[in-house]
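A.B. asks: Before anything else, here's the structure in question.
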Amino acid sequence: MLRKAIVAGSFYSGDAANLKQQIGGWISSLLSPVDKPVLGIISPHAGYVYSGKCAAYGFQRISHLAIDSFIIIHPSHRANSFGFSVSPFTSYQTPLG
Numbered sequence: 005m006l007r008k009a010i011v012a013g014s015f016y017s018g019d020a021a022n023l024k025q026q027i028g029g030w031i032s033s034l035l036s037p038v039d040k041p042v043l044g045i046i047s048p049h050a051g052y053v054y055s056g057k058c059a060a061y062g063f064q065r066i067s068h069l070a071i072d073s074f075i076i077i078h079p080s081h082r083a084n085s086f087g088f089s090v091s092p093f094t095s096y097q098t099p100l101g
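Reading the sequence shown from the start, the letters are residues 5 to 101 in my numbering.
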């Protein structure tokens, strides 16, 4: 099941070329990936104007690794949501594909 990109254009650019340029700018300003074992990264999920460079740093540090799965754990933004839930989505839509 596909999760639509419902915040494209508000939390991040909805235009693929603009988004690619923005992310590329953050990544090109960063250090090389680490050669040490990485068990995971913690990445912010706010709008890219606030958290993009920090998120790019985490993902760039593992970009050379052969990773086939991600586990995404996040808080609920719904007031009456407590406990845990499992998302039914198997893929996520983005302006980049």
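Heads up, the beta-carbon is just placed ideally off N, CA and C, and yes, glycines get one too.
Note that the structure is a prediction, hence the values are computed from the model and not measured.
1) Can you tell me the Cα-Cα spacing of W30 and L23, whole angstroms?
2) Do G18 and P99 count as a contact pair if the criterion is CB distance below 8 Å?
3) So what's I6 in DSSP terms, helix, strand or just coil?
4) Which word fits G87, buried or exposed, when buried means at least 16 other C-beta atoms lie within 10 angstroms of its C-beta?
5) In three-state terms, what does DSSP make of S95?
C.D. replies: Inspection of the coordinates gives the following:
1) If you take the alpha carbons of W30 and L23, they lie about 11 Å apart.
2) Yes; because the gap between Cβ atoms is below 8 Å, this pair is in contact.
3) For clarity, residue 6 is Leu in the given sequence; the question names Ile instead. DSSP places L6 within a strand segment (E or B) once states are collapsed to three.
4) Classification for G87: exposed.
5) It is a strand residue.
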